[in-house]
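So the structure is just underneath, and the comments pick up after that.
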């Protein structure tokens, strides 16, 4: 990267801090609800920048093994299921769907109840 | 904006022979798709609180017209279901738009407050039973009274949801799997009835005494009534209390006991589970629809944009239910 610090994540965290410390107490209740959404969005973006590549790669690698190919995408996996080219009871398939779902929620909302339950 | 609104509200209420002065008109945090305003009306006799609910007038892929919601509430109230009293209904052509005005019901609708605050602790004990009872009352309505409501067979709903998902061209292997799974399920042999379509915390008003009122009828339709029982059991509506299957506060036995205090239909829990998966898939597709309104530029809303990243909540709930023994 040719860019100076703050990094993209550091910039986003500075904005989050500003919203939380200075803006939150100033807004009326109906906007406080939206502000919380805005703060969550910033956190999603931070997590995706920090962990997104590794989380995606993990799923794609498993998928490459499953379909025995050097390249693989979510579209390939979707089509494999849609066209029923794989047994729906296949354990490797089900494992990939679990991993995919866990890795997506790890960025979108790691506090989500089902994710936390499954981590325990 | 609120001054203009005050004017049309006063006008509309006077047409209903309710003359008075409006004050404290304020927007409330509502659903993602409707405006909700609270106001007080001072008449010669007294001051009373009211709620205005107003939509765009456009029927969405799932939602009905706001004015039709009011029609349903009037009918189910006569059957003894707890709903707010409607005082005025406005059609899209009128200055107020597609809207209705109802009496304010004291209590709380925000799910996290109901689940967290001590004052609702006692009410929560019996709430699953009360919800079952209320859902059964709704299901007893005579469907011939709702010619304006769409009829939705479960197989059609599954196909519609799937086709909607496909239309967004965003690949979800979990949804592909869910679609195939749902097509193989039995959803219970039962006569079609009025289905609320979105019965859960957030859409009911709860006081310290218990369930006070059922609100937000925009997803109502005619179809298999067991959909309502599966919907409230979805993890999406447990607000973090994942071990309490019914709405984050109760258990399924109490819900079904409440249902059977009114209805003789014996619900099998395996069928509720099929509806639970269906409901989770449905909520996932609704999230896609909401996000697409932002992505296509028809509205610019951070709220709708963010909801696109809630699809993954439904995916993990589905894999938990199908592969990992989730309840």
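Protein chains in written order, with the working numbering: chain A, 1 to 120; chain F, 1001 to 1327. All C-beta atoms in this analysis are idealised placements derived from N, C-alpha and C, irrespective of residue type, glycine included.
Same chain, Cβ closer than 7 Å to residue 1252 of chain F, five either side skipped, listed in chain order: Exclusion of the five residues before and after residue 1252 of chain F leaves 1233, 1245, 1246, 1269 and 1272 as the residues of its chain whose Cβ lies within less than 7 Å of its Cβ.
Those residues which DSSP pairs with residue 1039 of chain F across a bridge: F/1050.
Given residue 1168 of chain F as reference, the closest of F/1289, F/1007 and F/1016 once Cα atoms are compared: Among F/1289, F/1007 and F/1016, the Cα nearest to that of residue 1168 of chain F belongs to F/1289.
Residues that DSSP places opposite residue 1213 of chain F in a beta bridge: For residue 1213 of chain F, which the question treats as bridged, DSSP gives the partners F/1205.
For residue 1173 of chain F, three-class secondary structure by DSSP: Reduced to three states, the DSSP call for residue 1173 of chain F is helix.
Same chain, Cβ closer than 7 Å to residue 1003 of chain F, five either side skipped, listed in chain order: Excluding sequence neighbours, residue 1003 of chain F sits near nothing in its chain.
Close beta carbons around residue 1294 of chain F, own chain, < 7 Å, minus the five adjacent residues each side: These residues qualify, in order along the chain: 1300, 1301, 1304 and 1305.
Helix, strand or coil at residue 1273 of chain F [DSSP, three-state]: Residue 1273 of chain F: helix per DSSP, three-state reduction.
Where residue 1100 of chain F falls: helix, strand or coil (DSSP): In the three-state DSSP reduction, residue 1100 of chain F falls in the strand class (E or B).
Candidates A/53, A/55, A/52 and A/76: closest to residue 63 of chain A by CA position: Closest by alpha carbon: A/76.
Residue 1052 of chain F at chain A interface by Cβ criterion, 8 Å: Taking Cβ atoms only, chain A never reaches closer than 8 Å to residue 1052 of chain F, which makes this a no.
CB of residue 1319 of chain F within 8 Å of CB of residue 101 of chain A, strictly: Yes, the Cβ-Cβ distance between residue 1319 of chain F and residue 101 of chain A is below 8 Å.
Minimum Cβ-Cβ distance from residue 1022 of chain F to chain A less than 8 Å: No, residue 1022 of chain F does not count as interfacial toward chain A.
Buried or exposed by the 16-neighbour rule on C-beta atoms within 10 Å, applied to residue 1230 of chain F: Buried.
Pair within 8 Å by beta-carbon distance, residue 1079 of chain F and residue 1134 of chain F: One thing to note: residue 1079 of chain F has its Cβ no nearer than 8 Å to the Cβ of residue 1134 of chain F.
Cβ-based burial, residue 1282 of chain F [other Cβ within 10 Å; buried from 16]: Residue 1282 of chain F comes out buried.
Whole-number beta carbon distance between residue 1241 of chain F and residue 1115 of chain F, since they are thought to touch under 8 Å: That belief holds up - the Cβ atoms of residue 1115 of chain F and residue 1241 of chain F are roughly 6 Å apart, short of 8 Å.
Check: residue 89 of chain A C-beta below 7 Å from any heavy atom of the ligand COA: As for the ligand COA, it is missing from this structure, which has no ligand bound.
Beta-carbon proximity of residue 23 of chain A to residue 35 of chain A, cut-off 8 Å: Result yes, Cβ atoms of residue 23 of chain A and residue 35 of chain A sit closer than 8 Å.
Chain A within 8 Å of residue 1177 of chain F, Cβ atoms only: Cβ-Cβ to chain A under 8 Å: yes for residue 1177 of chain F.
Pair within 8 Å by beta-carbon distance, residue 1088 of chain F and residue 1012 of chain F: The criterion of a C-beta distance shorter than 8 Å is satisfied by residue 1088 of chain F and residue 1012 of chain F.
Closer than 8 Å to chain F by CB, residue 81 of chain A: Yes, residue 81 of chain A lies at the interface with chain F (some Cβ there is under 8 Å from its Cβ).
Residues within the stretch 100–117 of chain A neighbouring chain F, beta-carbon criterion of under 7 Å: Answer in chain order: 100, 101, 102, 104, 105, 108, 109, 112, 113, 114, 115 and 117.
Contacts of residue 1323 of chain F in chain A (Cβ-Cβ under 8 Å): Within chain A, the residues near residue 1323 of chain F are 94, 97 and 98.
Proximal residues to residue 1046 of chain F (C-beta, below 8 Å), its chain only, five neighbours per side dropped: None.
Beta carbon proximity, residue 27 of chain A to chain F, threshold 8 Å: Answer no: the Cβ-Cβ gap between residue 27 of chain A and chain F never drops below 8 Å.
Chain-order list of residues whose beta-carbon lies under 8 Å from that of residue 1279 of chain F (same chain, five-residue window excluded): Cβ within range, chain order: 1227, 1230, 1231, 1233, 1234 and 1236.
Closer than 8 Å to chain A by CB, residue 1163 of chain F: No, its Cβ sits nowhere closer than 8 Å to a Cβ of chain A.
Near-chain A residues of the stretch 1216–1242 of chain F - C-beta to any C-beta below 9 Å: Those would be 1235, 1238, 1239, 1240, 1241 and 1242, in chain order.
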